[in-house]
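J.:
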Amino acid sequence: MEDYRYGNGPVRVVFIHGWFGDAHDFDAMFAAIDPEIFSFACVEYRGYGARRGQAGPFDVATIAKDAVALADRMGWDRFNVVGHSMGGKAAFKVAADVPQRVQRLCGVAPVWAGRSPFDEKTVSLFRSAKSSLGPRQGIVTNTTGGRLPPIWAKRVAEHSMKISDEEAFAAYFESWALEDISAEAGAVSMETLVVVGSHDRCVSPDAANATWIAKLANAKLVVLPDSGHYPANECPLILAAHVTNFLAPT
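Going by our numbering, 353 is the number at position 132 of the sequence shown; the sequence numbering is gapless.
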């Protein structure tokens with residue numbers, strides 16, 4: 222498998238996609254990112270995209286290890302890390318595992334390092350998404366505030382089923398939702414940007430303030446007023462502006 226990358230600039234960034242996505246999740250942002258300033262390398266999860274059929278483990282810890290291995294292949298001793306949704310929890314894990322190598326951390330609608338506050342009904346719904354389009358579409362619709370055309374949510378759900386192995390998809394949920402690695406927050410002292418959408422019913426601004434901002438020593442929050450849980454799709458150029466300004470301040 223060839224690593225998926227963009228740009229050749231001195232600001233080096235490992236991107237980690239979300240539960241429903243793949244290494245191409247951030248493509249729409251690239252129109253607003255200068256390839257002479259930035260170098261992006263995008264992780265692909267085991268069991269996803271070009272890595273479908275690959276064996277696990279399918280968990281956050283393994284994603285973090287694969288992200289560091291990707292930086293190693295790039296020859297990057299120091300780098301930034303950006304993660305979306307469950308990829309945010311994996312990005313946290315990267316920062317906790319190799320804090321001496323991570324310059325800045327950015328979470329986009331990021332799942333917190335602790336156990337998600339899901340009740341039994343919600344856990345059952347998410348587990349049912351393993352092999353069913355309807356629950357996946359419903360999750361996308363809900364986490365974007367129910368305000369976007371249904372056909373878009375359906376296409377996101379269909380794409381996720383096409384690019385992920387069921388076993389991997391299901392196992393990653395158990396990891397990102399139910400594992401608690403928040404005790405590692407003390408190792409994460411680098412500058413951190415958390416970007417959330419005002420319409421996100423999963424990682425709301427209040428939830429981000431109560432976790433990422435309250436628990437990390439050097440974190441700040443940006444709220445996107447016209448976005449839900451998928452800013453890289455809903456407002457990619459605005460997201461790109463926030464991320465690039467944070468990673469390469471002028």
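We put the CB at the ideal spot given by N, CA and C, even for glycine.
Specify the secondary structure class of Y269 as computed by DSSP and reduced to three states.
T.: Looking at Y269 - three-state DSSP - the assignment turns out to be strand.
J.: Count the other C-beta atoms from every protein chain shown that fall within 10 angstroms of the C-beta of I237, then say buried if there are 16 or more, exposed otherwise.
T.: Label assigned to I237: buried.
J.: Nearest-angstrom Cα distance between W397 and E257?
T.: One C-alpha to the other measures close to 34 Å.
J.: Measure the alpha-carbon distance for K351 versus A462 and round it to whole angstroms.
T.: The alpha-carbon atoms of K351 and A462 are separated by roughly 34 Å.
J.: Among V264, K310, D248, which one has its Cα closest to the Cα of D293?
T.: Minimum Cα distance to D293 is reached at V264.
J.: Looking only at its own chain, which residues have a Cβ that is under 8 Å from the Cβ of L291, when we skip the five neighbours before and after it?
T.: Only D224, V235, A262, V264 meet the Cβ criterion.
J.: Taking the continuous beta strand (DSSP E) assigned at K441, which residues delimit it?
T.: That run of the beta strand (DSSP E) goes 440-445.
J.: Who are E412's beta bridge partners in DSSP?
T.: E412 is bridged to R325.
J.: If I'm right that T413 touches I254 with Cβ under 8 Å, what's the distance once you round it to whole angstroms?
T.: Incorrect: roughly 20 Å between the Cβ atoms, too far for contact.
J.: Could you give the distance in angstroms between the alpha-carbon of Q321 and the alpha-carbon of V415?
T.: One C-alpha to the other measures close to 20 Å.
J.: Under 7 Å between the Cβ atoms of C327 and T364?
T.: Against a cut-off of 7 Å, the Cβ pair of T364 and C327 comes out as no contact.
J.: Between K438 and A408, what straight-line distance do the alpha-carbon atoms span, to the nearest angstrom?
T.: One detail in the question is off: residue 438 reads as Ala in this sequence, not Lys. If I take the Cα positions, the gap works out to 10 Å.
J.: Which of the three DSSP states, helix, strand or coil, is assigned to V319?
T.: Here V319 sits in coil by DSSP.
J.: So who's on the other strand from Y225, going by DSSP bridges?
T.: Note: Y225 sits in a beta bridge opposite C263.
J.: Kindly give me the distance between the Cβ atoms of F394 and R348, rounded to whole angstroms, as I take these residues to be in contact under 8 Å.
T.: That belief holds up - the Cβ atoms of F394 and R348 are roughly 7 Å apart, short of 8 Å.
J.: Does R422 come out as helix, strand or coil in the three-state DSSP assignment?
T.: Coil at R422, not helix or strand.
J.: Can you tell me whether R368 is helix, strand or coil according to DSSP?
T.: R368 falls in the coil class under three-state DSSP.
J.: Is the separation between the beta-carbon of D318 and that of A285 shorter than 7 Å?
T.: Contact flag set, yes.
J.: Please go through the same chain and pick out, in chain order, the residues whose beta-carbon is closer than 6 Å to the beta-carbon of T362, but skip the five residues on each side of it.
T.: Hits under 6 Å: A374.
J.: Kindly indicate the opening and closing residues of the alpha helix (DSSP H) around H463.
T.: H463 -> alpha helix (DSSP H) spans 457-468.
J.: Going by DSSP in three states, V332 sits in which element: helix, strand or coil?
T.: Correct three-state label for V332: coil.
J.: What's the C-alpha gap between A312 and S425?
T.: Near 19 Å, if we compare the C-alpha coordinates of S425 and A312.
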